[in-house]
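Quick note on my numbering: the sequence shown kicks off at 37 and runs consecutively. We put the beta carbon where it would ideally sit given N, CA and C, even for glycine. These numbers come from a predicted model, not from an experiment.
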Amino acid sequence: MLFHTMLRMLFVGWIILIGVSVMAQNKEFKIKDQYQSPSEGKKWEVIIGIKDYLNINITDLRFTVNDAEKLNQLLVDPEHGGFRPNRIKLITSKHQIIPNCTNNTPKALRTLESNADAEDTIFTFFSGYGIEEDGKSYFLSSDTATHIEPQAERAKSDFERTMNRTKARIQTQHQQAQKIENDAANTQAKVNLDTTRRCTKTEQVLIEDISQGKTFGYPVDLGYRNSVLWRSALVPGYGQLHIKNVESGFLFLSSSLIAGTATLVQYAKTVATFRRYKGFVADYESAITEKEFQQINRNLKLTKKRWRIKRRQYYSALAIVGGIWSLNMLDAATTTPSSKSSFSSSQNPDGNSLSSLNFKFWPSVWTINLQSFF
């Protein structure tokens with residue numbers, strides 16, 4: 037009876053914990069301010085998100101396309117960004133067998149050059165890898181190489197050139213502002229844009245987690261975060277391993293395997309002891325002589341004591357398993373993607389050109405204000 041009561045309590049506790057964990061994950065977008073164009077002009081937007089790289093030596097990213105799509109939805113929303121859909125170009129590597137970001141990006145930039153006017157605002161956003169080589173910064177497209185080939189990467193200067201050409205075309209007019217946001221996973225050079233980092237309303241409208249620099253590519257999609265939870269609920273540590281948090285994932289997976297194995301062994305011992313106890317009960321009931329009663333009674337009491345000890349040990353092991361599972365769920369509810377990439381120069385066949393580089397996530401948002409150019 038006590039055993040069934042404890043199982044019910046553990047089950048109810050797990051259900052409550054799952055509910056709390058899911059509620060804790062419901063972060064979604066938290067709007068800190070509504071973006072307003074600094075003028076009455078048009079608003080143009082180019083958003084780029086790359087997560088899949090054709091080169092097998094470059095580790096794919098998990099959340100960059102999600103960041104780009106969510107930011108695009110936010111800026112299109114009339115209550116928040118107010119960008120018109122026909123003035124938006126969203127370029128991602130999603131649902132493309134052979135992504136063509138290398139060609140699509142300059143086309144989108146040329147559209148800005150040809151159409152932006154004096155009172156307009158240009159908003160560009162890049163979410164992906166960035167590197168620097170020979171003093172020149174690059175944003176890596178999906179079909180990039182591990183060494184720098186200008187036709188396979190988008191140089192940071194391409195984005196600056198778009199701004200400069202637009203400025204030259206409308207130089208006689210007053211240009212209010214042009215802003216560029218770059219959310220890039222970069223190298224030791226951190227894709228240095230040679231500008232002053234400033235906080236603007238454009239930055240404020242970004243997802244709170246990104247603008248505060250908590251982590252690059254935070255999984256703002258609730259469905260994906262819930263998938264981490266159910267993976268961890270089924271197999272402790274699996275959800276953490278799924279988002280490459282190897283340390284905590286391996287810790288919970290290994291500890292749950294050890295505790296689970298010990299619990300099964302203890303359960304088998306408890307069942308075996310209980311069966312011996314039931315056997316002595318049957319013998320005691322069928323005993324005839326007083327001597328048989330006394331001998332069986334001693335064995336019966338001893339076996340009953342051993343069975344109770346084994347049962348307590350089994351309950352303790354079961355409680356440890358439940359504790360590990362509960363801590364695993366709390367960790368899965370609060371975990372964030374690993375800030376480490378598995379890419380290393382030793383995996384790079386062109387190691388000489390990138391021998392000093394070590395790809396990593398860089399949780400920052402950069403802003404360029406071109407108002408001083410006019």
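Among the residues of its own chain, which have a CB less than 8 Å from the CB of GLY277, if the five just before and after it don't count?
-> Per the sequence presented here, residue 277 reads as Leu, with Gly not at that position. Closer than 8 Å at Cβ, skipping near neighbours: GLY285, PHE286 and LEU289.
How should GLY315 be labelled, buried or exposed, when 16 other C-beta atoms within 10 angstroms of its C-beta is the threshold for buried?
-> exposed
Is it buried or exposed for GLN330, if we count other Cβ within 10 angstroms and need 16 for buried?
-> A residue is called buried when at least 16 other Cβ atoms come within 10 angstroms of its Cβ; GLN330 does not meet this threshold and is exposed.
Pull up the distance between the alpha-carbon of GLN349 and that of ASP88, whole angstroms please.
-> 50 Å
Using the beta-carbon count (16 or more within 10 Å), is GLY359 buried or exposed?
-> exposed
Thinking C-alpha only, which one of TYR274, ASN122 and GLY164 is nearest ALA144?
-> Comparing Cα-Cα distances from ALA144 to each of TYR274, ASN122 and GLY164, the minimum goes to ASN122.
Closest to ILE86 by CA distance: which of ARG98, GLY77 and LYS79 is it?
-> ARG98
Please confirm if ALA295 has its CB atom under 9 Å from at least one CB of chain B.
-> This model lacks chain B altogether, as it is built from one protein chain only.
Label ASN302 either buried or exposed according to how many other C-beta atoms from any shown protein chain fall within 10 Å of its C-beta, with 16 as the threshold for buried.
-> Note that residue 302 corresponds to Gln in the displayed sequence, not to Asn. Buried: at least 16 other Cβ atoms inside 10 Å.
Segment contact flag, the region 333 to 349 with the region 309 to 325, C-beta cutoff 8 Å, min 3 pairs = Contact between the region 333 to 349 and the region 309 to 325 is present, because at least three Cβ pairs lie under 8 Å.
Start and end residues, alpha helix (DSSP H) containing ILE279 | Careful: ILE279 lies outside any alpha helix (DSSP H) and carries neither H nor E.
Local Cβ density within 10 Å of LEU338, reported as buried at 16 or more and exposed below that = exposed
Taking DSSP as the reference, what is the three-state secondary structure of PHE288?
-> Helix, per DSSP.
Got a sec? Which residues, its chain only, sit under 6 Å from LEU126 by beta carbon, not counting five neighbours each side?
-> ILE83 and ASN108
Residue span of the beta strand (DSSP E) that contains THR128, given as start and end | 124 to 128
Beta-carbon gap between TRP266 and GLY273 smaller than 9 Å = The Cβ atoms of TRP266 and GLY273 lie no closer than 9 Å to each other.
Have a look at PHE161, SER268 and TYR165 and flag the residue whose alpha-carbon is nearest the alpha-carbon of THR95.
-> Nearest to THR95 by C-alpha distance, out of PHE161, SER268 and TYR165, is TYR165.
Just mark ARG311 as buried or exposed, buried being the case when its beta carbon has 16 or more other beta carbons within 10 Å.
-> exposed
Whole-angstrom distance between LEU176 and PHE159, CA atom to CA atom | 19 Å
Does the Cβ-Cβ distance between THR299 and ARG347 come in under 9 Å?
-> no
Contact set for TYR320: own chain, Cβ-Cβ below 8 Å, skip 5 residues either direction = PHE329, ILE332, ASN333 and LEU336
Straight-line gap, PHE119 to TRP80 (C-alpha atoms, nearest Å) = Between PHE119 and TRP80, the C-alpha separation is close to 7 Å.
By DSSP, does THR370 sit in helix, in strand, or in coil?
-> helix
Measure how close the beta-carbons of ALA368 and VAL271 come, nearest whole angstrom, since I'm counting them as under 8 Å.
-> With 8 Å as the limit, ALA368 and VAL271 do not qualify as a contact, their Cβ atoms being about 11 Å apart.
In the DSSP assignment, find the unbroken beta strand (DSSP E) run with VAL82 in it and report its ends.
-> That run of the beta strand (DSSP E) goes 79 to 85.
Nearest to ARG344 by CA position, among LEU293, ASN102, LEU366 and ALA308, is which residue?
-> ALA308
Among VAL112, SER163 and VAL357, the one whose alpha carbon lies nearest that of GLY296 | The shortest Cα separation from GLY296 among VAL112, SER163 and VAL357 belongs to VAL357.
Where GLY359 falls: helix, strand or coil (DSSP) | helix
Might you give, ordered along the chain, the residues of its own chain that have their beta carbon closer than 7 Å to the beta carbon of THR100, omitting 5 neighbours on each side?
-> GLY85, ILE86, LYS87, SER163, GLY164 and GLY253
Nearest to SER292 by alpha carbon, out of PHE161, ASP103, LEU111 and LEU363?
-> LEU363
SER21 - DSSP class collapsed to helix/strand/coil | The chain is shown only over 37 to 410; residue 21 falls outside these bounds and no answer can be derived.
Buried/exposed call for LYS327, threshold 16 Cβ in 10 Å | exposed
Chain-order list of residues whose beta-carbon lies under 6 Å from that of ASP257 (same chain, five-residue window excluded) = Only weak support exists for where ASP257 lies, its pLDDT of 43 falling under 50; the value from the coordinates is given anyway. If we look at ASP257 and ignore the five residues flanking it on each side, its Cβ neighbours are ASN102.
Taking buried to mean at least 16 other C-beta atoms within 10 Å of its own C-beta, is ALA353 buried or exposed?
-> With 16 or more Cβ atoms within 10 Å of its Cβ, ALA353 is classed as buried.
Grouping DSSP H, G and I as helix and E and B as strand, with all else coil, what is LEU338?
-> helix
May I have the straight-line CA-CA distance separating ILE279 from GLU115, to the nearest angstrom?
-> 33 Å
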